[in-house]
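Following the working numbering, the numbering of the sequence shown begins with 861 at its first residue and continues without gaps.
In this text, a Cβ means the ideal position worked out from N, Cα and C, and glycines have one as well.
Below is one structure; the comments refer to it alone.
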Amino acid sequence: MTLRELEERVGISKATLHSIITEDLEMSKVTARWVPKLLSKEPKRERVRVSKDLRSRYKAEVDFLDRIVTGDETWFHYYEPESKTQSKQWKRRDEPVPIKKELRQAIKRERRGKLTLGVLLQHDNARPHVSSKTMIAIDDLGFECLPHPPYSPDLAPSDYWLFGEMKRPLRGKRFEDFKRLEYEIKQWEKGSPKGFYTTGLEKLPERWERSIKIKWEFIETFDNQL
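If you want it as C-alpha cells, here you go:
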C-alpha cells in the first residue's frame, strides 16, 4: 500500500503518514513492501535458517529449481504513477488463493512435466497462503510447500522480479475500464523476453547466499534493475 492511497483512505497527509510509519512504527520499504525496520532476533535467525535449508536442497537436488512453482497476488490500478518510488505493487490479503483445480491446470498447461517431478510451491506467508483451507488444498494436490521466512519479500520472485517489471510499462498511463487494463497486461505477458520467468527463479540461489552472508539484512535491490 502506498502513502498516496493511505492519504486518500484516512485523510492524513503523506508527510505525517511517512513519519508514523518510519519513526513511530519503525518500518522501512523493501522491494516495494513495508517491513519492520528492526526485526527481532527470531525472524532474523529464521531468514538465515530458511536460506541455508533451501540452499542445501538446491545443491543436493539436481532438479530442485525446475520443480519450483511460485505465485502471489498484486493490485493493478487504472492509473500507475510514473515515479518508481511510488506504487509498485498492492497485496490482496483477504482474498482466497486460486489453488486446487485452477493451479493444477495452469501447471499442466504452462509447465509440462512438473507435476510428474513433484511440485515445490514457493509463496510468502500471507494469511490466505497459510490458512488451513489453503494448506489442506496443497496437501490434497500432493504439492510440497517450501518454507518462507516472515517479512522477506526480497526472497520471493514475484516481489523482487515480476511485479515491478509488469507495472513498468503502465506507469503514467490511465485506463478507462478493466478491459483496456487487462489488454495492456496481456500484451506485456506476450512481449516478455523468452526465459523471463525462469531467470527470476534462477536468482533464488544467489539471494539465499546473499541473505546468509549479510546475516539477515534485507536485499533491497531489484535484480532486473542491477
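- Query: Thinking C-beta only, is R1067 closer than 9 Å to Y1020?
  - Reply: Translated into the one-based positions of the sequence shown, residue 1020 becomes position 160. Translated into the one-based positions of the sequence shown, residue 1067 becomes position 207. One thing to note: Y1020 has its Cβ within 9 Å of the Cβ of R1067.
- Identify the continuous alpha helix (DSSP H) that holds V908 and give its terminal residues. Your numbering for residue 908 matches position 48 in the sequence shown. Residues K901 to A920.
- Item | Check: S911 C-beta below 8 Å from any heavy atom of the ligand NAD | The ligand NAD is not part of the structure shown, which contains no ligands of any sort.
- Alpha-carbon to alpha-carbon, Y939 and F1035: For this step, residue 1035 is matched to residue 175 along the sequence shown. For this step, residue 939 is matched to residue 79 along the sequence shown. Per the coordinates, the alpha-carbon of F1035 lies some 7 Å from the alpha-carbon of Y939.
- Reduced DSSP category for E1004 - H, G, I as helix; E, B as strand; rest coil: If you number the sequence shown from 1, residue 1004 lands on position 144. DSSP, read as helix, strand or coil, puts E1004 in strand.
- Is there contact between the region 915–924 and the region 1016–1031, where contact requires at least three CB pairs shorter than 8 Å? Fewer than three pairs of CB atoms, one per stretch, sit closer than 8 Å, so the region 915–924 makes no contact with the region 1016–1031.
- Around the C-beta of S947, are 16 or more other C-beta atoms found within 10 angstroms, so that it is buried, or is it exposed? Counting from one through the sequence shown, the residue named residue 947 turns up at place 87. Residue placement at S947 is poorly supported in this model, since its pLDDT is 40, which falls under 50; the coordinates are not used for a value here.
- When you compare each of S900, A875, S1071 and D999 to P1013 by their alpha carbons, which one comes out closest? Numbered from its first residue, the sequence shown carries residue 1013 at position 153. Selection S900, A875, S1071 and D999 evaluated against P1013 yields S1071 as nearest (Cα-Cα).
- Item | Beta-carbon proximity of G931 to H1008, cut-off 9 Å | The count along the sequence shown starts at 1 and reaches residue 931 at position 71. The count along the sequence shown starts at 1 and reaches residue 1008 at position 148. Going by C-beta atoms, G931 is not nearer than 9 Å to H1008.
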